[in-house]
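Residue numbers (the numbering used here): -12 to 568.
In this text, a Cβ means the ideal position worked out from N, Cα and C, and glycines have one as well.
Reading through the structure tokens given below for one structure.
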Ligand code: OXD
Ligand code: MN
């Protein structure tokens, strides 16, 4: 008997009966297990060894060409009542979804090994953490879960103590896009994922558990599960603040989480530390502040664009003990992706010979998986059981126009409206219209496990007299001038905006109060050693009334789309903004 938890044992046995594996392996997280599975993946061709001298213990995995990204159109929330999933999710009834998935899973592990992975999302001794068990027939998934979560015996022991866990069942199936579904059963705390080996579809601890299922649990239990990075800022006096920030994909979350401040700041003694780059669980502590943990233990980051210039901390962690998926390789078998440097790779992400000018060599969604402990800016506070107290919450998006560099919400309720209606522009990379504004509330559009209107009500419910809630801000690093050039330098220079935000948290500077919120006096943004013209900064911090009136009309239409469940408070806030012009 592998566990004293009868519910877990019964579930594992029933899955084995359904899927008929040749072997069952309970994962312990041991060093030997890690080495044996790496060898197995090398032997069966799923892994290739990268150059040992430059990248010790690093492996390359090239996936099926049809299996390279999350599949939102095949991702379902299966609640008893359709309206509970909301217009923001695809819905299927639990009965229909179970029948469909049981059909797909029947006998699917014949000839394969079934791995049972107990895991803990968050520090093993944290009351904020939650456990799950993923059953999978993919050793690649096991090796990614080993880096991304606290997995193995300590997690199993916690499950045995607490008796609670999220059930995640995964099989790569035949990797057939027509036989692929990612089903969530929030009311059963269960996930079933079939037909994909890709991270967000297959590493069930991440998007499926830590966001979709956890957001549902968080609403029931009074906490928040968010698509946010968490970073620490230490000022020259040694005071620390923690910031949580939500951005949609391709808006630089990993870069911000690992930011290296400009030289002058470093010399003055400023320091940024990384707690997490993708997911944040937070809940009010006894002191009324929001305390946050990063439920993950590793980074599953987008490789293209990561370089010495954009994110030196990320690059530094990728020279050892990492898995690379769908990147290109150089002549001497080092991993390579667009934006890394000016070498020309010899093999593309499908393993074919590559010559210069053939288009992208790495897949645009190629990834690295690496333990967070490898990151030079990783904070030991990320291992703290109590989490870190959050001083500021930031909502960001990519907007060429209109949205200022930074803006402070008047209060929590206004901040919730800001988060609920934050938007990002589609880019030329996406087929169809370019520059179209798409709303992505709290960057949770693909990840909220229930009706968005109920989610906004849940956010509003934190506004209680006893709570000392963080200040809320919006940021926009992506404004462009008439010639299409970025007006703000971004990357490490975003430190200047963080400094202003934290000065606001400490009431060290004021704001100019406008209809849309509090804007900085440009003189309060540190411009030392910054090459920016005064009129450009003024423009980045100005309010375009006509543009905002149009925006507010669109925001109202957007909220209306969520029907009667939309909290009245959001409409009241919208009216206040409108009345402020
Ligand atoms: C994402 C990710 O797709 O973090 O958001 O992988
Ligand atoms: Mn993400």
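CA nearest to the CA of residue i, picked from the options
| i | options | result |
| --- | --- | --- |
| residue 168 | 150, 84, -4 | 84 |
| residue 274 | 87, 98, 45, 457 | 457 |
| residue 20 | 103, 50, 315 | 103 |
| residue 232 | 224, 268, 205, 221 | 268 |
| residue 238 | 250, 530, 216, 10 | 216 |
| residue 96 | 537, 386, 12 | 12 |
| residue 47 | 492, 543, 317 | 317 |
| residue 16 | 542, 315, 126, 59 | 126 |
| residue 212 | 468, 489, 446, 92 | 446 |
| residue 337 | 329, 324, 205 | 324 |
| residue 328 | 298, 187, 356, 312 | 298 |
| residue 277 | 561, 379, 88 | 379 |
| residue 51 | 313, 255, 381, 244 | 313 |
| residue -11 | 9, 14, 7 | 14 |
| residue 185 | 176, 204, 453, 163 | 163 |
| residue 322 | 69, 24, 33, 45 | 45 |
| residue 493 | 475, 94, 70, 377 | 377 |
Spatial distance of residue i from residue j (CA atoms)
| i | j | result |
| --- | --- | --- |
| residue -1 | residue 130 | 20 Å |
| residue 235 | residue 352 | 14 Å |
| residue 201 | residue 262 | 19 Å |
| residue 285 | residue 358 | 4 Å |
| residue 259 | residue 225 | 12 Å |
| residue 218 | residue 449 | 22 Å |
| residue 101 | residue 547 | 46 Å |
| residue 119 | residue 444 | 27 Å |
| residue 165 | residue 348 | 27 Å |
| residue 385 | residue 477 | 12 Å |
| residue 78 | residue 72 | 6 Å |
| residue 470 | residue 387 | 11 Å |
| residue 417 | residue 57 | Any answer about residue 417 is weak, because its pLDDT of 39 lies below 50 and its placement is not dependable; what the coordinates show is given next. About 15 Å. |
| residue 419 | residue 266 | Caution is warranted here: a pLDDT of 45 is assigned to residue 419, below 50, making its placement in the model unreliable, and no coordinate value can be reported. |
| residue 326 | residue 345 | 15 Å |
| residue 440 | residue 532 | 28 Å |
| residue 305 | residue 566 | 51 Å |
| residue 343 | residue 330 | 10 Å |
| residue 404 | residue 372 | 31 Å |
| residue 468 | residue 538 | 19 Å |
Residues sharing a beta bridge with residue i, DSSP
| i | result |
| --- | --- |
| residue 258 | 221 |
| residue 354 | 289, 312 |
| residue 572 | Outside the displayed span of the chain (-12 to 568) sits residue 572, for which this structure offers no information. |
| residue 118 | 107 |
| residue 323 | 315 |
| residue 102 | 12, 123 |
| residue 500 | 505 |
| residue 216 | 232 |
| residue 157 | 123, 180 |
| residue 78 | 64 |
| residue 424 | 412 |
| residue 394 | 461 |
| residue 382 | 233, 461 |
| residue 376 | 278 |
| residue 365 | 261 |
| residue 48 | 312 |
Outcome for residue i when other beta-carbon atoms lying within 10 angstroms are tallied against a minimum of 16
| i | result |
| --- | --- |
| residue 98 | exposed |
| residue 124 | buried |
| residue 414 | Residue placement at residue 414 is flagged as unreliable, the pLDDT there being 48, under the threshold of 50; a coordinate-derived value is accordingly withheld. |
| residue 4 | exposed |
| residue 207 | exposed |
| residue 366 | buried |
| residue 395 | buried |
| residue 514 | exposed |
| residue -5 | buried |
| residue 194 | buried |
| residue 18 | exposed |
| residue 28 | buried |
| residue -8 | buried |
| residue 434 | buried |
| residue -3 | exposed |
| residue 199 | buried |
Item to check | Stretch-stretch touch, CB-based, cutoff 8 Å, three pairs: the region 137 to 146 with the region 35 to 54 | outcome: Short answer: they don't touch.
Item to check | Three CB pairs or more closer than 8 Å across the region 163 to 182 and the region 53 to 67 | outcome: Counting Cβ pairs under 8 Å, three or more are found: they touch.
Item to check | Given 8 Å, three or more beta-carbon pairs between the region 426 to 446 and the region 519 to 526 | outcome: Result no; under three Cβ-Cβ pairs closer than 8 Å.
Checklist entry - When the Cβ atoms of the region 467 to 483 are set against those of the region 393 to 413, are three or more pairs found closer than 8 Å? => result Short answer: they don't touch.
Item to check | Segment contact, 8 Å Cβ cut-off, at least three pairs: the region 149 to 156 with the region 110 to 119 | outcome: The region 149 to 156 makes contact with the region 110 to 119: 3 or more CB pairs, one atom from each, lie closer than 8 Å.
Checklist entry - Given 8 Å as the limit, is there contact between the region 131 to 142 and the region 106 to 114, that is, 3 or more CB pairs closer than that? => result Yes: at least three Cβ pairs fall under 8 Å.
Checklist entry - Taking contact to mean at least 3 C-beta pairs separated by less than 8 Å, is the region 550 to 558 in contact with the region 286 to 294? => result Touching, no, given that fewer than three Cβ pairs across the two stretches are closer than 8 Å.
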